[in-house]
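Following: one structure in structure tokens, then a few remarks.
There are 2 protein chains.
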Amino acid sequence: MRTISPPVGLPALNEIDLVGQVARRLTEAIVQGRLPPGSKVVEAGIARELGVSRAPVREAARLLEQQGLLVANPRRGFFVRQFAADDIDEIYDLRLCVERHAAVLAARNLTPETRDKLRRQIEVLHETADLDDPARQVEEDYRFHRLICEIAGNRRMLRLFDDLASELRMVIGLIGRLYDDPHEIARTHEPVLAAIEAGHPERIVAHVDYHIGHAWREVGRLVREIPPWPAAAK
Amino acid sequence: MRTISPPVGLPALNEIDLVGQVARRLTEAIVQGRLPPGSKVVEAGIARELGVSRAPVREAARLLEQQGLLVANPRRGFFVRQFAADDIDEIYDLRLCVERHAAVLAARNLTPETRDKLRRQIEVLHETADLDDPARQVEEDYRFHRLICEIAGNRRMLRLFDDLASELRMVIGLIGRLYDDPHEIARTHEPVLAAIEAGHPERIVAHVDYHIGHAWREVGRLVREIPPWPAAAK
DNA sequence: CAAGATCAAACTGTCGACAATCGACGATTA
DNA sequence: TAATCGTCGATTGTCGACAGTTTGATCTTG
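Going line by line, the protein sequences match chains A and B.
When the count follows our numbering, it moves up by one through the first sequence with no breaks and lands on 234 for the last residue.
When the count follows our numbering, it moves up by one through the second sequence with no breaks and lands on 468 for the last residue.
So this is what it looks like as structure tokens:
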């Protein structure tokens, strides 16, 4: 295995875990909207662009396929997943299901350290709100929710959350702007944490439902507002 | 693309969706315990055995990796996933989380047709109970639970269920015998369906909790009873 | 005899090549 | 003119090969 010829502009891919790196690059390109939904992912093109051969690209594509970012059409290639309104509903429905459970478990496992982590993350959310960087804001938002799943202590659930988040990142990225006032978003996390600290399952579920349900409705509204997705190139 | 040289004993792989077929064969070998947990999956070996090259085998392995049946160690290869007691807990915890939700949704979407499907499946469970075919019994059991997820109408949730089921099949396959009397198993599905037909969310959740919780405890007990998993061959 | 160094075989990661297939475009025909 | 067919370039699916790494065995040395 040798070092890879430097692709233009981007830092060169080094030699370990090429597949993982290609997967990350592809994911980036998709959630940033550089590869719009419905567009064809030409193996040779990606390979040339990244300065690798097609084999690692194909393997990475399989990963993203399993993650739901790509769709494979045998003999026709990989295509960037297109989302419809009911996809949004599915994702949020599943997310609600997972996060309710995670929050209840997290409350059960809560220690002073993990509690502080959550509090600190809400602070970060407030700080980020001033930065006018929607992508960053979304990222820090997920980090809070991810923390809850982490604290819940079920690794499979955490992976599921990550998968859902990567699909959502794609959707949010396409919407292009934040669906709400950043400070407002930061604030709405507080009752969730409060409920977790209080530790009453019903209250936790209620607050998680409210919080996620809010995002669900907002995203759903925006998606329906801009129905023809941004130019499914090719 | 040409036809594949016939592997010994098994029907030859034809030319379409080679990756999918290899994946199925591998899954089979794993859940049947022919590839024991911890064992190394040698790409060239599998490839030779199936009469294909290593490329499709690698791609299939990536699929199974994402599904959790294989673990990839960079530069060392793919290994059959090993389950510990806490894996069982994670899987059942997640399954509980999903099936509660699915059952409530299924109740909401229930039509006379889907209701009959569920009833019929319980009959099948009873019929299968007489056959003394544990694998079949487990399969029909899953089919009932899968039906609920199907009726719930969230495709992502259905896929998640399938992934969990394939992990569980592997575990159950390793245990080798059924964890309970087949007729008893068939019977315990009835209250779940009854609750879904009645349509009270709390009752549905309670019955699903009881049903799945029972399997959880039984499987957990058996796993702890036979702690050293069957010879992690090499 | 144990611990470390040395070496060979086995295996993985990646590549380039080639045939089969797809899709677009233009020619042919009714 | 519209529909069908054939051709050609572009792209996928698969393969065999090669380089570098890991592994396990053997040999060396304290």
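We put the beta carbon where it would ideally sit given N, CA and C, even for glycine.
- The beta strand (DSSP E) runs of length 3 or more contained entirely in the stretch 140-224 of chain A do not exist; there are none.
- Among the residues facing chain B, Glu90(A) is included, as its CB has a counterpart in that chain under 8 Å away.
- The Cβ-Cβ distance between Arg187(A) and Ala195(A) does not fall below 8 Å.
- Three or more beta-carbon pairs drawn from the stretch 316-327 of chain B and the stretch 443-454 of chain B are found closer than 8 Å, and the two stretches are therefore classed as touching.
- Close CB contacts of Leu304(B) within its chain, under the 7 Å cut and outside five residues either way in sequence, are with Val275, Ala295, Leu298, Phe312, Phe313, Val314 and Arg315 (chain order).
- When the five nearest sequence neighbours on each side are left out, the beta carbons in the same chain lying within less than 6 Å of the beta carbon of Val372(B) are those of Ile406, in order along the chain.
- With respect to chain A, the C-beta atom of Asp327(B) has a partner C-beta closer than 8 Å.
- Between Gly267(B) and Glu401(B), the C-beta gap is not smaller than 8 Å, which leaves the two residues out of contact.
- Less than 8 Å separates the beta-carbon of Ala103(A) from that of Val208(A).
- For the stretch 37-56 of chain A, residues whose beta-carbon sits nearer than 7 Å to a beta-carbon of chain B comprise Ala55.
- What Val332(B) touches in chain A, judged by beta-carbon distance under 7 Å, is Cys97, going in chain order.
- Against chain B, the beta carbon of Met157(A) has neighbours under 9 Å at Glu324, Asp327, Leu328 and Cys331, listed in chain order.
- The beta carbon of Asn388(B) sits closer than 8 Å to some beta carbon of chain A.
- Note that the C-beta distance between Cys383(B) and Cys97(A) is not below 8 Å.
- Counting only the Cα atoms, Arg108(A) lies some 11 Å from His101(A).
- Around the beta carbon of Leu131(A), a 10 Å sphere encloses fewer than 16 other beta carbons of the protein chains shown; the residue is thus reported as exposed.
- One finds Cys331 in chain B with Cβ atoms closer than 7 Å to the Cβ of His101(A), taken in chain order.
- Beta-carbon to beta-carbon, Val256(B) and Leu284(B) are separated by about 6 Å, close enough to satisfy the 8 Å threshold.
- Contact residues of the stretch 107-127 of chain A toward chain B are absent (C-beta to C-beta distance below 9 Å).
- Taking all protein chains shown into account, Asn73(A) has fewer than 16 neighbouring C-beta atoms within 10 Å of its C-beta and is therefore exposed.
- Gly45(A) sits in a helix when the DSSP states are folded into three classes.
- Counting only runs of 4 or more residues that sit fully inside the stretch 42-117 of chain A, the alpha helix (DSSP H) segments are 43-50, 54-67 and 85-109, in chain order.
- Within the same chain, Cβ atoms closer than 7 Å to the Cβ of Arg349(B) are found at Glu431, the five residues on either side in sequence being excluded.
- When Cβ-Cβ separations below 8 Å define contact, Asp251(B) makes contact with chain A.
- Against chain A, a Cβ distance below 8 Å from Glu293(B) picks out Arg58, Glu59 and Arg62.
- The shortest C-alpha to C-alpha distance from Leu174(A) to any of Gly38(A), Gly20(A), Asp17(A) and Arg25(A) is the one to Gly38(A).
- Its Cα nearest to that of Val253(B), the residue Ala289(B) stands out among Pro270(B), Ala289(B) and Glu262(B).
- The beta carbons of Leu125(A) and Leu147(A) sit no closer together than 8 Å.
- Linking His200(A) to His445(B) through their CA atoms gives a straight-line distance of about 25 Å.
- Under a criterion of Cβ atoms nearer than 9 Å, the residues of chain A adjacent to Gln300(B) are, in order, Arg62, Leu63, Glu65, Gln66 and Gln67.
- Chain B places a beta carbon closer than 8 Å to that of Pro74(A), counting this residue as a contact.
- Straight across, the Cα-Cα distance linking Arg120(A) with Glu190(A) is about 11 Å.
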